[in-house]
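This report refers to the structure that appears directly beneath it.
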Amino acid sequence: AQYAPIDAASSIHKTGFREARVNIHGPGVYCSPKPSFVENGYAGVAKLDTKIGTKTFKIMLQVAVNPDGIKFATEDIWIAKNSQDIRTYGILIKEV
32 AQYAPIDAAS SIHKTGFREA RVNIHGPGVY CSPKPSFVEN GYAGVAKLDT
82 KIGTKTFKIM LQVAVNPDGI KFATEDIWIA KNSQDIRTYG ILIKEV
């Protein structure tokens with residue numbers, strides 16, 4: 032599970048997003064416009080061995096959405112009803 036966030040990002044890159052398994056606000060692909068919201072509980076954490084020791088990083092995907100295909104569940108939670116309405120265009124990495 033150490034590299035689970037990295038594996039998940041790779042899977043999304045290869046096959047696209049999947050509908051959320053837990054969908055309290057309805058079916059779709061969940062995202063947030065606020066990195067600070069994602070960072071507190073949803074960002075993946077990976078530990079990597081470096082030349083100067085083990086470092087821990089938080090990892091999240093930066094996405095673009097089609098506004099016409101988004102349900103705004105809350106100001107922090109957006110839902111793409113169709114996986115074609117959301118795409119990745121960056122990876123955010125933060126040392127913690």
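The sequence shown runs 32 to 127 under our numbering.
For every residue, glycine included, the Cβ atom is placed at its ideal position computed from N, Cα and C.
Predicted, not measured: the structure shown is a model, and the values here were computed from it.
By the Cβ rule, the region 76-92 does not count as touching the region 101-115, because fewer than three pairs are nearer than 8 Å. Here DSSP, grouped into helix, strand and coil, assigns residue 95 to strand. Under the three-state reduction of DSSP, residue 48 is assigned to coil, being neither helix nor strand.
Excluding sequence positions up to five before and after residue 100, its CB lies within less than 7 Å of the CB of 111, 112, 113 and 116, all in the same chain and listed in chain order. A residue is called buried when at least 16 other Cβ atoms come within 10 angstroms of its Cβ; residue 76 does not meet this threshold and is exposed.
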